[in-house]
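Quick note: the sequence shown uses UniProt numbering, first residue 1, plus one each step.
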Amino acid sequence: MGLFSFKGGIHPPHGKTLSKDKAIEPLLPKKDLVFPMSQHIGAPCEPIVQKGDRVLVGQKIGQATGFVSAPIHSSVSGTVKNVVPMLHTSGKKIMSIVIENDGLYEECEFTPHADYKSLSKDELLKIINEGGIVGLGGACFPTHVKLSPKQEIDTIIINGAECEPYLTCDYRLLLEKHAEIIEGLEIIKHMFPNANIYIGIEDNKSDAISILQSALEEYKGIEVKSLKTKYPQGAEKQLIYALTKRAVPTGKLPADVGCIVQNLATIYAIRDVVINGRPLTDRIVTITGEAVKEPKNLQVKFGTSLTELVDACGGFKEDPVKVLSGGPMMGMSLISLEVPSIKGTSGVLALLKDQADLSEESNCIRCGRCVTACPMWLIPSKLNSLVLRGEFEEFEKNSGLSCIECGACSYICPAKRHLTQSCREGKRVIMNNRKKSK
C-alpha cells in the first residue's frame, strides 16, 4: 500500500508513547463547571439561562446567534451559579455560564433517530446544528455549515492523521470506538450518497489502520488511506493534496475543489447526536507531557477545570516550564490551569525544560530551512522581515495570507526566529485593515 503525502513538512519527536497505550477513562468533575459562550468559529452564543435556574445534562444553555455559530449544552445537572465573564484558554475573559454540579447527572429528554435513513439531508443538518456539533480537530468550525456547501462534493476526507505531537485522543477513539465511527460514516454517506469517503491515517498507527480496514471490508465508497507520518499531515489543505492531488487556492475553501474534510472525533459526535439524540457535551482529551505523573486519555465533560484534568493524572511530578492547551506545534500557552475544558480542548501538555525550547531569538542565517519545511511553499524568513518592517502590502503580495500557522518554520529555524508569530501578526493586520475599509 502506497503512502500519501505532500511537499514540505517536518519530523518532530512524536511524544505519543507517553499516552498512546492508555485506554480512555471517564472523568466526573467535582468542582463548579464554566461554559464560555464562545467555543467555536463564528458568532458567540447568547446565554438562555439565568442565575438560580436548574439545568439538566444535554440542556441547551447557550443559543447560537447566527448561521456560523453553534449552541452550547450543559454537561451536568445542577444550578446556574452565575452568568459572568470568566477566564478562557485564550487568556481573555469571555461571558460564561457557571454551573454548580449536583453530581446527579440527570438528563433532559433526548430524541434519537436510529431510523435516520428516512430523514433528508436538511433534516439531518438541523439535528447536527441543534446538537452543537463543531469541528473537533482544532478549528471548531460549526459542522452544519461545513456540510452545507453550495458546490458539488465528490470527496469527503476523514482526518485521522493526528499529526500533532503528543496527542493520542483520536488514536484511542479509533481503537476503542471504531464501530461507532463507522456508523457516523454511514450517516455522512447517506447525506452525500455520490461522494467517495477517504479516511486518512498516518502509517505510524498501523494497528488502527488494520482494524478499520477489516471493519470496512463490506462497505462500498469508504476507503482507508495510509499517510506518510509527517507534520502537518493533518492540515486541511495538505490532507486534501495528499489524497486527491487537488490544490485549494488561497482564499478558497475545500468545497471549491469538491472536498469536505471532517475530523474523526467530529464523525463520532455526529453519530452520537443522530443515533442517540445526545448533543455535544464532552470529548476525549489527552493529558500528557514529561511533567505529568501519569499521562492519560480522559473523556472530559465540557466546563471541567483543567486543574481537575491534571489532578486526575496524579498532578505534576515536577513543575512544568510550559503548559499548553493542545499540542506543542499549534497549541496555545496557558497562563492558568483554572480555565475550563471546551469543545476545542484536544489536550493539555505540560513540558519540562528539556522539551520546551526557550532559546532567545537571534539573527537569520539565511539557511533556507524554513522554506524547505513550509507546506505552503512560502518563504517564511522573507515574510518575517516584511512584518517587522511594517510592509504589509508586500506581505500580502508574497502570499502571506496563505500561511496555515502550522509552526513548522519556527520549529526548524536554528536562529529561533519567531516566524509563525510574524505571519500570524501580518495576517491579523491585513484582515483588520480590510474590515476598516468596508
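Glycine residues also receive a C-beta, built at the ideal position from the N, C-alpha and C atoms.
Backbone secondary structure at residue i - three-state DSSP
| i | result |
| --- | --- |
| H73 | strand |
| M37 | coil |
| K343 | coil |
| E123 | helix |
| E100 | strand |
| P414 | coil |
| G9 | coil |
| C169 | helix |
| I48 | coil |
| C409 | helix |
| E130 | helix |
| L351 | strand |
| I404 | coil |
| K16 | helix |
| S118 | helix |
Nearest-angstrom beta carbon gap, residue j and residue i [assumed within contact, 8 Å]
| i | j | result |
| --- | --- | --- |
| P165 | M329 | 6 Å |
| S74 | E106 | At roughly 11 Å, the Cβ-Cβ gap does not stay under 8 Å, so S74 and E106 are not in contact. |
| C163 | P232 | 6 Å |
| G8 | P375 | 4 Å |
| Q299 | D319 | That belief does not hold up - the Cβ atoms of Q299 and D319 are roughly 27 Å apart, past 8 Å. |
Where the alpha helix (DSSP H) through residue i begins and ends
| i | result |
| --- | --- |
| G184 | 178-191 |
| T155 | T155 -> not in any alpha helix (DSSP H); beta strand (DSSP E) instead, spanning 155-159. |
| G426 | 419-437 |
| N270 | Looking at the sequence shown, residue 270 is not Asn but Ile. Residues 264-271. |
| R369 | 369-373 |
| E393 | 392-397 |
| K20 | Premise fails: K20 is in no alpha helix (DSSP H) and is neither H nor E. |
| T143 | 143-146 |
| P112 | P112 -> no alpha helix (DSSP H), and no H or E assigned at all. |
| S381 | 380-388 |
Residue range of the beta strand (DSSP E) that includes residue i
| i | result |
| --- | --- |
| V83 | 78-87 |
| K60 | 60-63 |
Own chain, CB closer than 7 Å to residue i, minus 5 neighbours either side, in chain order
| i | result |
| --- | --- |
| E236 | P254, V261 |
| A247 | Y241 |
| L119 | H113 |
Contact set for residue i: own chain, Cβ-Cβ below 6 Å, skip 5 residues either direction
| i | result |
| --- | --- |
| G277 | F110, T111, P112 |
| H144 | L125, I128, N129 |
| K416 | S359, E361 |
| S422 | N384, V387 |
| E396 | I430 |
| V321 | K353, A356 |
| G15 | P165, Y166 |
| G289 | L349, A350, L351 |
Chain-order list of residues whose beta-carbon lies under 8 Å from that of residue i (same chain, five-residue window excluded)
| i | result |
| --- | --- |
| K20 | T168, Y171, R172 |
| E310 | According to the sequence provided, residue 310 is Val. The question's Glu does not apply to it. Cβ neighbours of V310 beyond the five flanking positions: I287, V292, F316, L337, V348, A350. |
| S5 | L227, K228, K230, Q233, A242 |
| K150 | A255 |
Whole alpha helix (DSSP H) elements within the stretch 195-255, 4-residue minimum: Qualifying alpha helix (DSSP H) stretches, in chain order: 206-215, 236-244.
Ordered list of beta strand (DSSP E) runs contained in the stretch 278-322, each at least 3 residues: Whole beta strand (DSSP E) segments, 3+ residues: 282-288, 296-301.
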